[in-house]
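J.:
Number of protein chains: 2
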Amino acid sequence: MKKDIISKQCEENNTKIIMVVLDGLGDIPSPANDNKTPLETAKTPNIDKLAPQSAMGRLTPVIDGITPGSGPAHLALFGYDPLEDLIGRGVLEAFGLGVDVGKNDVAIRANFCTVGSDGKIEDRRAGRIPTELGQNLCRLLSGKIKSANGVNVLITPGMSHRFAVVLKGKGLGNKVTDTDPQHEGMLPLKATGQDAKSKKTANVANILMEKFKVALKDSYPANGVLFRGFSSPPNLISFPERFNIKAAAIATYPMYKGLAQIVGMDIIKSGSTLRDEIEALKTCYSDFGFFYFHIKETDAGGEDGDLERKVSGIEKFDKALPEIMELKPDVLAITGDHSTPVIMKRHSWHPVPVMVLAKDCFRDGLARFTEKNCIVGSIGSVPMLNLMPLLLAHAGRLGKYGA
Amino acid sequence: MKKDIISKQCEENNTKIIMVVLDGLGDIPSPANDNKTPLETAKTPNIDKLAPQSAMGRLTPVIDGITPGSGPAHLALFGYDPLEDLIGRGVLEAFGLGVDVGKNDVAIRANFCTVGSDGKIEDRRAGRIPTELGQNLCRLLSGKIKSANGVNVLITPGMSHRFAVVLKGKGLGNKVTDTDPQHEGMLPLKATGQDAKSKKTANVANILMEKFKVALKDSYPANGVLFRGFSSPPNLISFPERFNIKAAAIATYPMYKGLAQIVGMDIIKSGSTLRDEIEALKTCYSDFGFFYFHIKETDAGGEDGDLERKVSGIEKFDKALPEIMELKPDVLAITGDHSTPVIMKRHSWHPVPVMVLAKDCFRDGLARFTEKNCIVGSIGSVPMLNLMPLLLAHAGRLGKYGA
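Chains as they are written, first to last, in my numbering: chain U, 1 to 403; chain S, 1 to 403.
1) I'd like to know if residue 378(U) contacts chain S, where contact means its C-beta is closer than 8 Å to some C-beta of that chain.
2) Could you say if the region 70-87 of chain S and the region 124-143 of chain S meet the contact criterion of at least three C-beta pairs nearer than 8 Å?
3) Distance, Cα to Cα, residue 381(S) vs residue 57(S)?
4) Beta-carbon within less than 7 Å of residue 127(S)'s beta-carbon, same chain only, minus the 5 sequence neighbours each way: which residues are those?
5) Looking at C-alpha atoms only, which residue of 282(S), 307(S), 310(S), 294(S) is the closest neighbour of residue 326(S)?
6) Comparing alpha-carbon positions, which option in 377(U), 147(U), 192(U), 286(U) lies nearest residue 14(U)?
7) For the alpha helix (DSSP H) holding residue 374(U), just list the boundary residues, first then last.
8) Taking 8 Å as the cut-off, decide whether the C-beta atoms of residue 35(S) and residue 368(U) are in contact.
9) In terms of residues, what are the limits of the beta strand (DSSP E) holding residue 134(S)?
10) Do residue 248(S) and residue 257(S) have their beta-carbon atoms positioned less than 8 Å apart in this structure?
11) Less than 8 Å between the C-beta atoms of residue 224(S) and residue 24(S), yes or no?
12) Spatial neighbours of residue 61(S) within its chain, please: CB distance less than 6 Å, with the 5 preceding and 5 following residues excluded, ordered by chain position.
13) Which residues in chain U sit within 8 Å of residue 72(S), going by Cβ to Cβ distance?
14) Name the chain U residues whose beta carbon is nearer than 9 Å to that of residue 159(S)?
15) With a floor of 3 residues, list each beta strand (DSSP E) that falls wholly inside the region 232-315 of chain U, ordered by position along the chain.
16) Based on the DSSP output, what are the partners of residue 157(U) in its beta bridges?
17) Taking C-beta pairs closer than 8 Å, name the residues in chain S that residue 362(U) reaches, listed in chain order.
18) Using 8 Å for Cβ pairs, my map puts residue 192(S) next to residue 166(S). What's the rounded Cβ distance?
19) Nearest to residue 164(U) by CA position, among 263(U), 198(U), 141(U), is which residue?
20) Of all the options 196(U), 356(U), 181(U), which has the alpha carbon lying nearest to the alpha carbon of residue 190(U)?
21) Counting only runs that start and end within the region 12-68 of chain S, where is the beta strand (DSSP E) found for 3 or more residues in a row?
22) By alpha-carbon positions, which one of 4(U), 8(U), 5(U), 16(U) ends up nearest to residue 358(U)?
23) In the DSSP assignment, find the alpha helix (DSSP H) that holds residue 4(U) and state where it starts and stops.
24) Relative to the C-alpha of residue 54(S), which candidate in 392(S), 328(S), 378(S) has its C-alpha closest?
25) If we define contact as Cβ-Cβ less than 8 Å, is residue 156(S) a contact residue for chain U?
26) Using beta carbons (cut-off 8 Å, strictly below), is residue 1(S) in contact with chain U?
27) Taking residue 400(U) as the reference, give the member of 48(S), 401(S), 70(S), 120(S) with the closest Cα.
28) Thinking just about the alpha-carbon of each residue, which of 90(U), 324(U), 150(U) is nearest to the one in residue 292(U)?
29) Buried or exposed: residue 205(U), going by 16 or more other Cβ atoms within 10 Å of its Cβ?
30) Can you find the residues in the same chain that come closer than 8 Å, C-beta to C-beta, to residue 186(S), ignoring five residues on each side of it along the sequence?
31) Can you list the residues of chain S that residue 386(U) reaches, using a CB-CB cut of under 9 Å?
32) Return no unless some Cβ of chain U is closer than 8 Å to the Cβ of residue 355(S).
33) Do residue 354(S) and residue 50(S) come within 8 Å of each other at the CB atom, strictly closer than that value?
34) Could one say the Cβ of residue 389(U) lies closer than 8 Å to chain S's Cβ atoms, at least one of them?
35) Please classify residue 397(U) as buried or exposed, where buried requires at least 16 other C-beta atoms within 10 Å of its C-beta.
36) Taking 8 Å as the threshold (C-beta atoms), are residue 42(S) and residue 231(S) in contact?
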């Protein structure tokens, strides 16, 4: 109902909305850093210039206390209820590698692993083999194995020991248990299916486990595979259709391109640096109304517990901000997908700061964009999935409800 | 569920609750006004006296980003979920003109329009003819047309080119499309019904379109009519029944009387000035427990982008406030139904400030009643439909839930 209301009220116009997502932006005060957060520590003269004219607030990705993965966090950012739809790990991996996964396909996240002579797993990641070796091994597997039990098998290499397997066939279910036992020293598990269709998939997976092992017998340390995250894409109304807006995604990491692709955004080609992303934004700017602009470095800093790296990620974005502002977006939002506090070195449940700049935003008059200011900002503390309706409203794209 | 809980916990007592609704009160800081809002700009010594002892907060009429019409906003103020029930434009117009619309009747918002010799619409509002002319033409139509296809037709003039048509008969549906194409240079549309009952209504509407045209053939520029907003009143549990409280509505504009009538409040007769409204409040004060007290001027100022008029509307209310306080209400709420920011000149989605004064309110200690103070007020930012339970609680009218 809520969704329908928003979709129904959406009106097209020529406005441009840029949503900058600094991955893992949110943080908590660090006693080792004078009780300041990375956002407070960073020198951000350009953000500071915009701050007083902006509306600030905080976004709760799922519900209080729930730490989101990147999938649910991005669904929420894109205006979808992360409790209604979940993106499986297999789908995320496959989309991220540029593999198209159809509604009826099943995608699997696979690892090369090291298996001892007793069949037990010695290293779940095969010593984190180089990406190039992983690519070669995937080529080897693809050459030998094209199908199993009448189901087509598509093998695509990822980073290091990671790869994706996509099963394309009729009557495949995705309620299948992992073959990865998550611990070394154990035998790989048999995949099992929850229903008839998923049993068919599990059967194919078990055949593949054997075939792959045979094909890899001389490839120590990458002489085995493990499967997890059997999944099909969620059946969502696409973002451009739902919000009546052409949407572009600019990101350097495959997973984020995949997340944007799942909701039907156009993925804009770009190189791997922030500079490249800015160029990509400029190039496609006239063709779209909405821009998802993803920056990874902040999250990497958080995950590594590296305050300086997270601060530097924020500062690099700040330096690039004037180029974005030159495009004169009607609505600019700066936020994150979740918090990754440096002192925690992992995703957390803490609300994510957001600032929104637009002609008709409430001008909070707050001096800087920080977690603490966001607590008292005019947007308040709201579910992350409410951000999209707010941005559409600020762009004049949400019509009046009722007479 | 929520509704039931509140209704079940309602207990009668002798307390008095006054809800002052300054229409369109909410606003946003204006760069042209030193980044102040009208509430901040207005001189409000009487509100200021009460402010520190009050609880403040913000009300979201529908959901984040959704701009409400007056209908949904008032349903929310009156404690109803505006996403569950919608008041159609026809009903709103008819009730506002003092026409009783029964549950099975269908009300239509009608316009006089100008039609060219080719039958195409030249002006959807017939040059905004004077109200008196509209009244004469309605009298002409009423004299000639009393029924169509066995359905009684009630014609009531409104302001300028506007009038209401209420159809009273058996088996009428309200899922009928507008005959107003919303654009000049087009032919009026045929009404169509979604189901059998609505097809009957559509048929009557199409007959009326023709009859009206014939009757108006010499009335250029008001020589045609357009219909929209076919609707019947929503089937709501009445406010007095639901909250176990006798409720009075004091308003000068027809539409707001209509909105109060829809939820079953008693409409108190009053003149057209704030002075008249205060007198009406005093006169009926001993007979009711709840008073909806509506002031229109603030919204008109917002809609016209007229800062001074909005400020003056607030200041006039402030001058009248001591007379209201002399009545010693147990609970006083001052709020709006939605925001109408002066710089936007239209309704907006921004949350609406509210202050609540009662013996048992949290005393926020904030110096003035302003949007910014309301952000940090003790009521927080809550759905507008939560206001009624809060007011009933402050009046000692909501019993304990559970042992």
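Ideal placement from N, C-alpha and C gives every residue a C-beta, glycine not left out.
T.: According to the structure shown:
1) As a first step, residue 378(U) must be located in the first sequence, where it is residue number 378. Residue 378(U) counts as touching chain S.
2) no
3) Stepping through the second sequence from its first residue, residue 381(S) is reached at position 381. Stepping through the second sequence from its first residue, residue 57(S) is reached at position 57. Roughly 6 Å between the two C-alpha positions.
4) What you label residue 127(S) is simply residue 127 of the second sequence in a count that begins at 1. 114, 221, listed in sequence order.
5) By one-based count along the second sequence, residue 326(S) stands at place 326. It is 282(S).
6) For the purposes of this step, residue 14(U) is taken as residue 14 along the first sequence, with counting starting at 1. Ranking 377(U), 147(U), 192(U), 286(U) by Cα distance to residue 14(U) puts 286(U) first.
7) Here residue 374(U) is taken as the residue at index 374 of the first sequence, counted from 1. From DSSP, the alpha helix (DSSP H) with residue 374(U) extends over 371-375.
8) Here residue 35(S) is taken as the residue at index 35 of the second sequence, counted from 1. Here residue 368(U) is taken as the residue at index 368 of the first sequence, counted from 1. Cβ distance not < 8 Å, so residue 35(S) and residue 368(U) don't count as in contact.
9) Mapped onto the second sequence, residue 134(S) falls at position 134. For residue 134(S), there is no enclosing beta strand (DSSP E); the enclosing alpha helix (DSSP H) covers residues 131-144.
10) Within the second sequence, residue 257(S) is the residue found at index 257, counting from 1. Within the second sequence, residue 248(S) is the residue found at index 248, counting from 1. Going by C-beta atoms, residue 257(S) is not nearer than 8 Å to residue 248(S).
11) Working through the second sequence from its first residue, we reach residue 224(S) at position 224. Working through the second sequence from its first residue, we reach residue 24(S) at position 24. No, the Cβ-Cβ distance between residue 224(S) and residue 24(S) is not below 8 Å.
12) Here residue 61(S) refers to the residue found at position 61 of the second sequence. 68, 73, 76, 338, 384.
13) For this step, residue 72(S) is matched to residue 72 along the second sequence. By Cβ distance, chain U contributes 401, 402.
14) Stepping through the second sequence from its first residue, residue 159(S) is reached at position 159. Within 9 Å Cβ-Cβ: nothing; residue 159(S) doesn't reach chain U, min ~15 Å.
15) 247-250, 290-295
16) For the purposes of this step, residue 157(U) is taken as the residue at position 157 of the first sequence. Looking at the DSSP assignment, residue 157(U) forms a beta bridge with 163(U).
17) Counting from one through the first sequence, the residue named residue 362(U) turns up at place 362. Identification of chain S residues near residue 362(U) by a Cβ-Cβ cut-off of 8 Å yields 28, 29, 350, 371, ordered along the chain.
18) Here residue 192(S) is taken as the residue at index 192 of the second sequence, counted from 1. Here residue 166(S) is taken as the residue at index 166 of the second sequence, counted from 1. That belief does not hold up - the Cβ atoms of residue 192(S) and residue 166(S) are roughly 20 Å apart, past 8 Å.
19) Reading the first sequence from its first residue, position 164 is the one you call residue 164(U). Comparing Cα positions, the closest option is 141(U).
20) As a position in the first sequence, residue 190(U) is number 190, starting the count at 1. Here the closest residue by C-alpha is 181(U).
21) 17-22, 55-60
22) Locating residue 358(U) in the first sequence gives position 358, counting from the first residue. With distances taken between CA atoms, residue 358(U) lies nearest to 16(U) out of 4(U), 8(U), 5(U), 16(U).
23) The residue you call residue 4(U) lines up with position 4 of the first sequence. Per DSSP, residue 4(U) belongs to the alpha helix (DSSP H) from 2-9.
24) Taking the second sequence and counting its residues from 1, the one referred to as residue 54(S) is at position 54. Nearest option by C-alpha distance: 378(S).
25) Locating residue 156(S) in the second sequence gives position 156, counting from the first residue. Not one chain U Cβ lies under 8 Å of residue 156(S).
26) Taking the first residue of the second sequence as 1, we reach residue 1(S) at position 1. Reliability of the predicted coordinates at residue 1(S) is poor, the pLDDT of 43 falling under 50, and the value obtained from them is presented with this limitation in mind. No, because no Cβ of chain U sits closer than 8 Å to the Cβ of residue 1(S).
27) One-based indexing of the first sequence puts residue 400(U) at position 400. Answer by Cα proximity: 70(S).
28) Working through the first sequence from its first residue, we reach residue 292(U) at position 292. The residue with the shortest Cα to Cα distance from residue 292(U) is 324(U).
29) As a first step, residue 205(U) is located in the first sequence; it is residue number 205 there, counting from the start. Burial call: buried.
30) On the second sequence, residue 186(S) is found 186 positions in, with the first residue counted as 1. Closer than 8 Å at the Cβ level, and outside the excluded window around residue 186(S), lie 120, 121.
31) Translated into positions along the first sequence, residue 386(U) becomes position 386. Ordered by position in chain S, the residues that pass the 9 Å Cβ test against residue 386(U) are 63, 64, 65.
32) Taking the first residue of the second sequence as position 1, residue 355(S) is located at position 355. At least 8 Å separates the CB of residue 355(S) from every CB of chain U.
33) To locate residue 50(S), count along the second sequence from 1; it is residue 50. To locate residue 354(S), count along the second sequence from 1; it is residue 354. Contact flag unset, no.
34) Within the first sequence, residue 389(U) is the residue found at index 389, counting from 1. Yes, because at least one Cβ of chain S sits closer than 8 Å to the Cβ of residue 389(U).
35) Position 397 of the first sequence, counted from the start, is the residue given in the question as residue 397(U). Residue 397(U) should be labelled buried.
36) The sequence position of residue 231(S) within the second sequence is 231, counting from 1. The sequence position of residue 42(S) within the second sequence is 42, counting from 1. No.
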